[in-house]
Amino acid sequence: MPPHHARVAHRPIVRESVAPPAGPKAVISLRAVNRLKSGHVWVYRSDVLSSASPAPGAVVAVTDERGRLFGSALYSSSSQIALRMISSGPVADFPALLRERVRNALAYREKLVRDTDAYRVIFSEGDFLPGLIVDRYNDIVSVQILTQAMDAEPVRKALVDEFSQGLSPAAIAERVEPHIRELEQLPARESGLLMGGKTSTIFSMNGVRFHYDIREGQKTGAFLDQRENYAAAAQYAHGEVLDVFCYQGAFALHLAKVSSQVTGVDSSRPALEVADRNAALNQREMDWIEANAFDLLKDYSAAGRQYDTVVLDPPAFAKSRKNLDTALRGYKELNLRALKMLRAGGILVTCSCSYHVSESEFLGVVVEAARDAHKTLRLLERRTQAKDHPIVPSVPETAYLKCFIFDVT
Ligand code: SAH
Numbered sequence: 002m003p004p005h006h007a008r009v010a011h012r013p014i015v016r017e018s019v020a021p022p023a024g025p026k027a028v029i030s031l032r033a034v035n036r037l038k039s040g041h042v043w044v045y046r047s048d049v050l051s052s053a054s055p056a057p058g059a060v061v062a063v064t065d066e067r068g069r070l071f072g073s074a075l076y077s078s079s080s081q082i083a084l085r086m087i088s089s090g091p092v093a094d095f096p097a098l099l100r101e102r103v104r105n106a107l108a109y110r111e112k113l114v115r116d117t118d119a120y121r122v123i124f125s126e127g128d129f130l131p132g133l134i135v136d137r138y139n140d141i142v143s144v145q146i147l148t149q150a151m152d153a154e155p156v157r158k159a160l161v162d163e164f165s166q167g168l169s170p171a172a173i174a175e176r177v178e179p180h181i182r183e184l185e186q187l188p189a190r191e192s193g194l195l196m197g198g199k200t201s202t203i204f205s206m207n208g209v210r211f212h213y214d215i216r217e218g219q220k221t222g223a224f225l226d227q228r229e230n231y232a233a234a235a236q237y238a239h240g241e242v243l244d245v246f247c248y249q250g251a252f253a254l255h256l257a258k259v260s261s262q263v264t265g266v267d268s269s270r271p272a273l274e275v276a277d278r279n280a281a282l283n284q285r286e287m288d289w290i291e292a293n294a295f296d297l298l299k300d301y302s303a304a305g306r307q308y309d310t311v312v313l314d315p316p317a318f319a320k321s322r323k324n325l326d327t328a329l330r331g332y333k334e335l336n337l338r339a340l341k342m343l344r345a346g347g348i349l350v351t352c353s354c355s356y357h358v359s360e361s362e363f364l365g366v367v368v369e370a371a372r373d374a375h376k377t378l379r380l381l382e383r384r385t386q387a388k389d390h391p392i393v394p395s396v397p398e399t400a401y402l403k404c405f406i407f408d409v410t
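For what it's worth, this note's numbering labels the leading residue of the sequence shown as 2, then goes sequentially.
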């Protein structure tokens, strides 16, 4: 028989041999089937045709209308994303699968993460553990649980065991976002320790040191996704630096090594207080300004202030595709003011963490701003989130951070 006949004959036999396992099932629409075939892992509630009301957080077998199994998913009774796929086959013991995925995630970081004792250990869909975010800050592990399935007691126990064994931390803390628990219809819970007693520590990234504290009210934590971009920016930054949206000073502190003077701007006083303590920890003298960045940039550029390096790292302006236009206007204004203030040969580090603004849309806005500011851009680096926030291309939502570094004349 010619080989292609063998292939054609073989496929249905394999499919039929995979019968849905016993336990809760969900039947999904053709649209959802196609989405899963393209490699995505979410099924929206509107695409679930029938399910015998699985328990919140249950592992369910996912089939099409003809009863063919597409794999196993974690079910949420409240989220618009009703199913998050976790395997292409049956899953008999979810905590065991979770343990294996945690070990794989640790091995991935072991291989790819350098020059830091702070990094994201589990990045939800990026580590095939949807609904779970885990960060390490030196000897403290910080866990965020975002879904019903991840909130189950056996899952929590498996997590604490694996992180205790894999990272030997002094403490494992849980960081609770009350509105996420509300949306997931989970009982209210306080942030606090799951293991150990240590609540604050010092961590370092690229040789720069930072304070970390889990306690409510003085909660600190880093934007670990920018870690590699701090090091990249330090390769080009020089002269007088303005770090806009500086938070606890991570760009500013990284750039202090290579520049003559650094000023950080943020609207949050608590963030600037930690920034100041971080500067002292690194024996740096820096200026921190509490201000609305839009107002400050407007005043400074009108007053003809000049800098050699400007960093723009605002919060996500587009929370959904609906406010895309407003977001793009915001990015344009910031970049325009920053570009006007740059001396010839200056460096612009400009970021967007809005998933809903694509890389090309963001680039387009910066190019327009440069045209209006009568400046010429040369792209030195086109960057994204650090490798401990893995991007799975078939799940576009895993890629959100854009960071461009430009030479500006
Ligand atoms: N660059 C930082 C992360 C910035 S996060 C780092 O790498 O660690 C965004 C910051 O913008 C937050 O600290 C927030 O307080 C600040 N922020 C939000 N709106 C602002 C505004 N209008 N003006 C100034 N700062 C603002």
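Where is the CB? At the ideal position from N, CA and C, for every residue including glycine. Keep in mind the model is a prediction, meaning the values are calculated, not measured.
Asked	Found
Are L340 and A374 touching if we call contact CB-CB under 8 angstroms?	yes
What are the residues that DSSP puts in a beta bridge with A28?	Sequence inspection shows Val at residue 28; the Ala mentioned does not correspond to that position. Per DSSP, S51, T64.
Got a sec: does ligand 1 put a non-hydrogen atom nearer than 7 angstroms to the Cβ of Y213?	no
Hey, could you find the ends of the beta strand (DSSP E) M206 is sitting in?	201-206
Taking contact to mean at least 3 C-beta pairs separated by less than 8 angstroms, is the region 101-115 in contact with the region 41-50?	no
Measuring only from the beta carbon, is Q227 closer than 7 angstroms to any heavy atom that is part of ligand 1?	yes
Using only the alpha-carbon positions, how far apart do F363 and A23 sit?	48 angstroms
Can you pull the DSSP bridge partners for L70?	T64
With a threshold of 7 angstroms (Cβ to nearest heavy atom), would S260 be considered close to ligand 1?	no
Whose beta carbon lies closer than 5 angstroms to any heavy atom of ligand 1, going through the chain in order?	F224, Q227, F246, Y248, A251, D267, S268, S269, A272, N293, A294, D314, P316
Name the residue from S143, V92, A119, A159 whose alpha carbon lies nearest to the alpha carbon of R100.	A159
Assign N279 to buried or exposed, taking buried as 16 or more other Cβ atoms, counted over all protein chains shown, within 10 Å of its Cβ.	buried
Between the Cα of M287 and the Cα atoms of D277, F295, F407, which residue gives the shortest distance?	D277
What distance in whole Å lies between the Cβ atoms of V350 and A234, which are believed to be in contact at a cut-off of 8 angstroms?	5 angstroms
Measure the alpha-carbon distance for R322 versus R384 and round it to whole angstroms.	22 angstroms
Along the chain, where does the beta strand (DSSP E) containing I123 start, and where does it finish?	119-124
So, using beta-carbon positions, are G265 and D244 closer together than 8 angstroms?	yes
Hey, N139 and A119: beta-carbon distance below 8 angstroms or not?	yes
DSSP puts M287 in a beta bridge; with which residues?	Answer by DSSP bridge pairing: none, since M287 is not bridged.
For F211, list the residues DSSP reports as bridge partners.	F204
Using C-beta distances below 7 angstroms, list every residue in its chain close to Q81, excluding the 5 sequence neighbours before and after it, in chain order.	Y45, R46
For N207, collect the residues of the same chain with a Cβ closer than 8 angstroms to its Cβ; drop the 5 residues on either side in sequence, then sort them by chain order.	D116, T117, R228, Y231, A232, A235, H255
Rounded to the nearest angstrom, how far is the Cβ of G90 from that of G68, given a contact under 8 angstroms?	About 16 angstroms; that fails the 8 angstroms criterion.
Which residue wins for smallest C-alpha separation from I173, given the options L343, R110, S192?	S192
Where does I181 sit, in a helix, a strand or coil, going by DSSP?	helix
Would you grab the beta carbon distance between L402 and C352 for me? Rounded to a whole angstrom, and I think it's under 8 angstroms.	7 angstroms
Given this structure, state the Cα-to-Cα distance separating A294 from L195, to the nearest angstrom.	38 angstroms
Could you give the residue range of the beta strand (DSSP E) that holds Y308?	308-313
With a threshold of 16 other CB atoms inside 10 Å of the CB of D267, please say whether the residue is buried or exposed.	buried
Can you tell me which of the three DSSP states L108 falls into?	According to the sequence as given, residue 108 is Ala; it is not Leu. In this structure, A108 counts as helix in the three-state DSSP scheme.
To which residues of the same chain is M342 closer than 7 angstroms at the C-beta, ignoring the five residues directly before and after it?	Y301, S302, R306, Q307, Y308, V311
For A31, count neighbouring Cβ atoms within 10 angstroms of its own Cβ and tell me buried if that reaches 16, exposed if not.	Contrary to the premise, residue 31 reads as Leu rather than Ala in this sequence. Its Cβ having fewer than 16 others within 10 Å, L31 is exposed.
Provide the residue span of the alpha helix (DSSP H) that contains E362, from first to last.	360-373
What is the rounded straight-line gap between the Cα of C404 and the Cα of Y237?	14 angstroms
In three-state terms, what does DSSP make of F129?	coil
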